[in-house]
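In what follows, a single structure is set out as structure tokens and then discussed.
Residue numbers (our numbering): -17 to 160.
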């Protein structure tokens, strides 16, 4: 989702990203909150808008239980006050297409990493459960247990791959979220 009160910015960012991503746009904070839903993974959020500010939008989204990755994209240079704010990236306008695309890709990678970690822990819990309750012979003869182990290996491999791809800063942000 792209949230900015400047129609030119909305049009530009939409043009840059629309061929690759499914996009929603909002021209103010109220529209952003009305448009927000659980399937929104990444938000590009202007910090200063008339009415509800970007930071108020961010607080409302977090309070409502949604957990998208958020990049603040603003003309406001960062001050120390932003340290405690719940965003994942901070870009100062003007931004290039490459900067914006790279930021969206990094944030989507964090989303996938978090999802895969949750799946990994769920699979490990199931594996531990059955290893504690079933005999080695029962485990060896179970197609379901074999599929569980195959999926666990796939997910573990993907988690490792994503963690290698993420930069040190990206990884620190993910760990903060956990």
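A virtual CB, placed ideally from N, CA and C, is assigned to each residue, including glycine.
Since the structure is predicted, the reported quantities are computational estimates derived from the model, not experimental observations.
Residues near residue i by beta carbon distance below 7 Å, same chain, minus five either side
i	result
residue -4	-16, 5, 7
residue 147	91
residue 111	none
Spatially closest choice to residue i from the options, by CA coordinates
i	options	result
residue -2	86, 109, 143, 136	86
residue 127	9, 113, 102, 25	113
residue 141	94, 22, 132	94
residue -6	77, 60, 22	77
residue -12	32, 22, 48	32
Chain-order list of residues whose beta-carbon lies under 8 Å from that of residue i (same chain, five-residue window excluded)
i	result
residue 160	Caution is warranted here: a pLDDT of 48 is assigned to residue 160, below 50, making its placement in the model unreliable, and no coordinate value can be reported.
residue 73	53, 54, 55, 56, 81, 82, 85
residue 69	27, 40, 52, 53, 54
residue 58	29, 30, 74
residue 134	102, 105, 106, 109
Local Cβ density within 10 Å of residue i, reported as buried at 16 or more and exposed below that
i	result
residue 65	exposed
residue -8	buried
residue 14	buried
residue -10	exposed
residue 71	buried
residue 20	exposed
residue 36	buried
residue 79	exposed
Beta carbon of residue i nearer than 8 Å to that of residue j
i	j	result
residue 1	residue 34	no
residue 109	residue 90	no
residue 67	residue 43	no
Beta-carbon proximity list for residue i, same chain, < 6 Å, skipping 5 on both sides
i	result
residue -14	-8, 28
residue 121	127
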